[in-house]
Amino acid sequence: MSCALLYIVSPNAEISNFLSYGLPDNSSSIRALSSSFDGRIKGKKKSRWSSFSLNSDLKYSCLSGSNNAGNFPVLSSLIANPAGEIAISSEQRVYDVVLKQAALVKEQLRSTGQIDVKPDIVVPGTLSLMNEAYDRCREVCAEYAKTFYLGTLLMTPERRKAIWAIYVWCRRTDELVDGPNASHITPTALDRWESRLEDLFAGRPYDMLDAALSDTVAKFPVDIQPFKDMIEGMRLDLKKSRYKNFDELYLYCYYVAGTVGLMSVPVMGIDPESQATTESVYSSALALGIANQLTNILRDVGEDARRGRVYLPQDELMQAGLSDEDIFAGRVTDKWRNFMKKQIKRARMFFDEAEKGVTQLSSASRWPVWASLLLYRQILDEIEANDYNNFTKRAYVSKAKKIVALPVAYARSMVGSSRTTPRLLKT
Ligand SMILES: CC(C)=CCC/C(C)=C/CC/C(C)=C/CC/C(C)=C/COP(=O)(O)OP(=O)(O)O
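Each number in my numbering corresponds to the 1-based position in the sequence shown with 389 added.
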């Protein structure tokens, strides 16, 4: 979740060991993959926390619409399949998950009047073990997502620990298909990873890192669905390297990044005085995940192509007079620039959608989210500054720009939700 802020430095072997700690003997492929946390980061391999189509013009014209359930932009709620039948779009399907997550939070608000962290049930000896488990998560987060980690220090102790635990689980999941041993991963290994997830949600964690997440999900209204969906994204990545249209790419982006937004909101918390609906805050969180992923895809076009992957809507490429061959050849032409301009415009729309929700988060959670949003969005500016050469130039935000972004993010985080109608008075 924090990837937009990963200022990654030399990964450390000890931390790698945490990631493979306690894997079942029969899951040697998971063990091999999980234990290889380091390689990809140093070598800057393609990350899953990285990697979108829609009938382009239609997409933009629909963007200001809203569906009947909230302020979620209906980008493509109904789409026609090649046979001309109308099908439910990925966005609509994903929105159902958003509604479910929001309902869980509302349920808790109704019963307790606030989003409360359940107290620790202290069984002698277990508290220190749990502290140790969270401490390991903290170390991983501090090592791999330095700036985000600093941001989490502004959160309440319970929230920050929970964010670390979620971060570590996402990172481990990502490593299964993006780590150095990714070529050994099979759908069966992902199935095993999913049953481990179910176990930890049922209070039966397999290892210490799982134990921290198990504790987190018992304390916060976090649902299993986004976690399962992230694993689904990994399955998709194993079998798919082309996306027919934006609808398909949107679903992929939801799986691998939008899910992170949905996992984070129940922990980050919504400002008790927020006037926004819970659904709209979840929609913004989802939009931030999608925006980050689209940006990541646009930044990494060349790197992905070298792995035989094209995470761009094939129909839009075709409409622009481009093909996979143009991408593999890496030629920056006017056709490519025009295509890229549209893709960048779409990613920015998702960032705009995300912005609406940041101000609704609880005050202590806003700063890290603003910082990650501002920094990741700047990658799009850098792609433009590179004259759209994302084949051989990696767009990155300079240290100086990052440093400037932090106080800007801090200043924005001071602006919260409107104070007129406290959220508890809303239905
Ligand atoms: C906006 C509201 C209401 C809440 C915030 C909810 C959150 C935290 C959303 C963030 C979702 C997120 C960070 C998803 C990960 C997306 C992504 C593309 C990560 C990139 O990961 P890496 O590929 O490791 O990054 P780099 O390659 O840039 O290091």
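Even for Gly, the Cβ is constructed at its ideal location relative to N, Cα and C.
Run of the alpha helix (DSSP H) containing residue i, from where it starts to where it stops
i	result
residue 615	614–628
residue 602	597–608
residue 757	752–774
residue 735	723–747
residue 689	Segment: none, residue 689 is in no alpha helix (DSSP H) and carries neither H nor E.
residue 650	648–657
Local Cβ density within 10 Å of residue i, reported as buried at 16 or more and exposed below that
i	result
residue 785	exposed
residue 557	buried
residue 797	exposed
residue 684	buried
residue 521	exposed
residue 546	exposed
residue 768	buried
residue 723	exposed
residue 425	Below a pLDDT of 50, predicted positions are generally treated as unreliable, and residue 425, at 33, falls in that range; the measurement from the model is reported next regardless. The residue is buried, with at least 16 neighbouring Cβ atoms inside 10 Å.
residue 536	buried
residue 800	exposed
residue 655	buried
residue 789	exposed
residue 548	buried
residue 478	buried
residue 579	buried
residue 575	exposed
residue 773	exposed
Contact check, residue i vs residue j, beta carbons under 9 Å
i	j	result
residue 657	residue 802	no
residue 746	residue 677	yes
residue 614	residue 804	no
residue 806	residue 748	yes
residue 697	residue 781	no
residue 659	residue 670	yes
residue 762	residue 740	yes
residue 480	residue 639	yes
residue 489	residue 612	yes
residue 597	residue 527	no
residue 682	residue 646	yes
residue 731	residue 705	yes
residue 703	residue 633	yes
residue 635	residue 766	no
Boundaries (first-last residue) of the beta strand (DSSP E) holding residue i
i	result
residue 576	Careful: residue 576 lies outside any beta strand (DSSP E), inside the alpha helix (DSSP H) at 576–590.
residue 699	699–702
Beta-carbon separation (whole angstroms), residue i vs residue j, contact threshold 8 Å
i	j	result
residue 566	residue 631	Their Cβ separation, rounded to whole angstroms, is 17 Å, which puts residue 566 and residue 631 out of contact at 8 Å.
residue 586	residue 620	7 Å
residue 338	residue 495	Here the chain has residues from 390 to 816 only, and residue 338 is not among them.
residue 543	residue 756	6 Å
residue 609	residue 551	6 Å
residue 600	residue 652	Not a contact, Cβ separation roughly 17 Å.
residue 562	residue 623	6 Å
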